[in-house]
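Contents: one structure, followed by commentary.
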Amino acid sequence: MLRKKIKEKPKSNSDFSSVSVFFRLISYLKYQKKLFLVGLLFSFLNALFYVVGSFYVGYIFREHFDLIIQSDSGANFNLTKFSIDIAIFILSFILYGALRYSESVIYVRLSFNSAAKMRKEAMEKLLNMPISYYDQKKAGDLISTLINDINNVGNTIFNTINNFFYNFFNILLSVITMMLVSSVLTVIIVPVALGLFSVSILVIKRAQPHFVRVQNLFGELNGYVEEILHNIKIMNAFDRRDFIFDNLKVITRNIKLIAFKGDTVARSSEPWFGMVAYTVQLLIIIISISFYLNKVPMYGIKAFGLDQHGYATSGTIVTYIFLNWNFIGPFQNLLSTNFSIQVGFASTYRIFKIIHLPNDSTKELEHLKLTNVRGEIEFKDVYFKYLPESPTWQLKNANFTVKPGEKIALVGPTGSGKTTIINLINKFYNYQQGSITVDGLELKNIDSNNLRDNISIVSQDSFLLNDTIMNNFLVSNPKLTTEQIKDVAHLTQADHFINLLPNSYDTMIENGGNEFSQGQKQILSITRALLANRPILILDEATSNIDSITEKIIQRSLDKLMENKTCFIIAHRLSTIKNVDKILVIKDGNIIEIGNHQELIEQKGFYYNLYTSSFE
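Everything in the sequence shown is counted per full-length UniProt numbering, starting at 1 for the first residue and increasing by one.
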């Protein structure tokens, strides 16, 4: 909450594993197997043509320049063969470029299709999580995961598959060709190079937790900013700008420090990588010269550059150096994309934390569906608390029965348990003890979606979509006709101001309806609820934010809305509930009085004191 100070040092995620994240990312490609296989084929072919081009550099040097050097006159130079070899060399790189481009296009489609599927899975998981999950999460952090993190993942999948498979085939084909040129040299060079490169891998691994922490902090920053913007009027009213800036400084400072540390650690591998690359090249030259001077065979195939005795030629060394660069280069390519991949892996970790959240165990109990709902609701010895580990019950030993069509008012001080009862009826939370039934069916066993299809809610905070007025009404029932909507709008008097708008029912609502007064927004919400025509209605302080005159206008709409429905009403003005069938008086989680207005007044108990005091 806003009153809490932001923690100075966020916790790191010790269970981060880039290997497991990598394979879980790749698993999303299985949904597009054919496209992936085509991309894989292109990766292999462009790596093949690149290796052929690299090999041909040394081949041309040996076949043509060696002959020129050996013959002072250059009489042995074959221009036709030289032209053919040059054409093959150029063609190999043209094919490489064309295939590399095609491969990238395929992998772009693969990566962002996979990211879209991941976003869908994460959204489906969040929509199926219980309300208690959201009590512990900041909306901004979840938004950051669904948007920023999944965008990062789209880039990561592209960078991963676009670089990994191409470089894998490049390394594989380069090593095979190096073995053909000189198996002895390859057996020496490759293990040495891999051993030296392993240092870079260890350094990069040390940087991974820092990238995870940075993404978590970005989520915290988004959550905090969202909270500030949502409460900006309160913040300005209490002049809390310094408090806000202090907290923002803490978060941004942590992001800066941890990001700097992660980048510094990761980039420290680059100088080492460059040193290793040139050390290996120098080693190739030294070993090749030593073998030649000491007449040690290179043990390769003559067609790949060795002379008739199996000794290295200048063409052999040139070929091998180019192939070795082709072996080392892929490691450097992977390192250069390390930062975007690490950020993506950190984002992927956050997304998978959502996707792999444990399913709501209470869903397994939901095997019943309501049909022909009458709206009879009964509470028997119900106990409930929001935090299972808390010793305090928010609702204790609640017992009451609501008959079909009855209007029930919930009255009591703030925090007494009124909203808790509404939350339980909506099945936003599950009660720990006792029984709640709807038309005789145990609430825990009723399908949540089916239950809510039979409940309409009008709250004090009117929620309007950024869409046309007509589409806002159609949310309640997509099958409604225009005439049906206009008839109900006339009944609630919503048409009085809708028809004054330039585009009438096709007027776009923006910013949640800020262009309307609070009373107009409430009338639109009531109209939408009336159009839904559901058997159970909940009015949660539906008129608390509007003046008395507007309330009287809205009350007529509410009376129409409540006809022939089981209604639960939470009201801040007790004068508006005098005509309900039953009033539940709640205090400290206990239902202390039950009766209609006249009965409770005659008892001269807690309700009487509320009604006759300034509380009203």
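Glycine residues also receive a C-beta, built at the ideal position from the N, C-alpha and C atoms.
A quick note: this is a predicted structure, and the numbers were derived from the prediction, not measured.
Euclidean distance between Cα positions of residue i and residue j
i	j	result
Glu406	Glu483	30 angstroms
Val52	Gly329	15 angstroms
Val580	Ala409	7 angstroms
Leu41	Pro358	38 angstroms
Lys486	Ile570	28 angstroms
residue 660	Asp246	Residue 660 cannot be examined here, being either before or after the span of the chain that is shown, 1 to 616.
Thr481	Leu465	19 angstroms
His496	Ala489	9 angstroms
Phe65	Phe168	32 angstroms
Ile422	Tyr383	14 angstroms
Gln32	Ile157	14 angstroms
Glu220	Ile287	56 angstroms
Ile509	Asp467	5 angstroms
Asn170	Ile285	22 angstroms
Val438	Phe22	48 angstroms
Ile536	Glu442	16 angstroms
Leu142	Lys479	33 angstroms
Arg556	Leu491	9 angstroms
Phe44	Val38	10 angstroms
Val192	Ser20	27 angstroms
Lys418	Asn254	41 angstroms
Ser104	Pro391	59 angstroms
Gly440	Gly512	39 angstroms
His356	Val225	27 angstroms
Lys279	Gly97	Per the sequence presented here, residue 279 reads as Thr, with Lys not at that position. The alpha-carbon atoms of Thr279 and Gly97 are separated by roughly 30 angstroms.
Lys427	Thr264	50 angstroms
Asn294	Gln281	20 angstroms
Val175	Leu48	12 angstroms
Thr177	Lys353	44 angstroms
Gln432	Asp242	43 angstroms
Val402	Glu602	22 angstroms
Integer Cβ distance of residue i from residue j, believed to fall under 8 angstroms
i	j	result
Asn46	Leu99	4 angstroms
Arg561	Ser476	Residue identity check: residue 561 is Leu in the sequence provided, not Arg. Actually they do not touch by this definition, with Cβ atoms about 12 angstroms apart.
Ile150	Ile26	The pair is not a contact, with the Cβ atoms about 16 angstroms apart (cut-off 8 angstroms).
Ile88	Tyr50	Actually they are not in contact, since the Cβ atoms of Ile88 and Tyr50 sit about 14 angstroms apart, beyond 8 angstroms.
Leu173	Arg109	So it is not a contact: roughly 26 angstroms between Cβ atoms.
Residue range of the unbroken beta strand (DSSP E) whose run includes residue i
i	result
Asp516	Checking the sequence, you will find Phe at residue 516 rather than Asp. That residue, Phe516, is in no beta strand (DSSP E); it is neither H nor E in DSSP.
Leu410	407-411
Ile538	536-540
Val458	455-459
Phe400	395-402
Leu584	582-587
Val382	377-384
Thr566	566-570
Glu602	Note, Glu602: premise wrong, no beta strand (DSSP E); alpha helix (DSSP H) at 597-603.
Of the residues the options, the one placed nearest residue i, counting alpha carbons only
i	options	result
Arg213	Lys582, Ile446, Ser347, Ser20	Ser347
residue 678	Leu196, Ser390, His572	Since the first and last residues shown for the chain are 1 and 616, residue 678 lies out of range.
Lys521	Gln493, Ile577, Ser198, Asp135	Gln493
Asn379	Thr420, Phe352, Lys369	Checking the sequence, you will find Phe at residue 379 rather than Asn. Taking only the C-alpha atoms, the option nearest Phe379 is Thr420.
Leu257	Tyr278, Ile286, Val190, Leu217	Leu217
Leu29	Ile188, Ile287, Tyr383, Ala115	Ala115
Lys444	Asn399, Pro413, Leu370, Tyr166	Leu370
Met118	Ser102, Asn152, Ser104	Asn152
Ser456	Asp447, Gly519, Pro388, Gly375	Gly375
Ile106	Glu515, Leu194, Asn159, Thr186	Asn159
Asn399	Ile176, Leu584, Leu539	Leu584
Val184	Thr80, Pro297, Asn128	Pro297
residue 617	Thr576, Glu602, Thr145	The requested residue 617 is not part of the displayed model; the chain covers only 1 to 616.
Lys385	Thr319, Tyr429, Tyr349	Tyr429
Ser102	Gly140, Leu79, Tyr166	Tyr166
Pro404	Met129, Thr566, Leu323, Ser575	Thr566
Where the alpha helix (DSSP H) containing residue i begins and where it ends
i	result
Phe112	79-127
Thr177	150-181
Asp135	131-135
Thr612	606-612
Gly433	The sequence given here places Gln at residue 433; Gly does not occur at that position. Element bounds for Gln433: not the alpha helix (DSSP H) but the beta strand (DSSP E), 433-438.
Ala44	Just to set this straight, residue 44 is Phe in the shown sequence, not Ala. Run containing Phe44: 33-60, per the alpha helix (DSSP H) assignment.
Thr420	418-425
Gly140	139-144
Arg452	448-452
Ile485	482-491
Any non-hydrogen atom of the ligand HEM closer than 7 angstroms to residue i Cβ
i	result
Phe327	Inclusion of the ligand HEM in the displayed structure is not the case, the ligand content being empty and no account of it being possible.
* Does the count of Cβ pairs from the stretch 579-596 and the stretch 519-527 closer than 8 angstroms reach three? -> no
* Asked: Would you call the stretch 380-398 and the stretch 453-464 in contact, with 3 or more CB pairs under 8 angstroms?
  -> no
* Asked: Hey, is the stretch 443-452 in contact with the stretch 496-511, meaning 3+ C-beta pairs nearer than 8 angstroms?
  -> no
* Are at least three pairs of beta-carbons, each pair with one atom in the stretch 85-99 and one in the stretch 125-137, less than 8 angstroms apart? -> no
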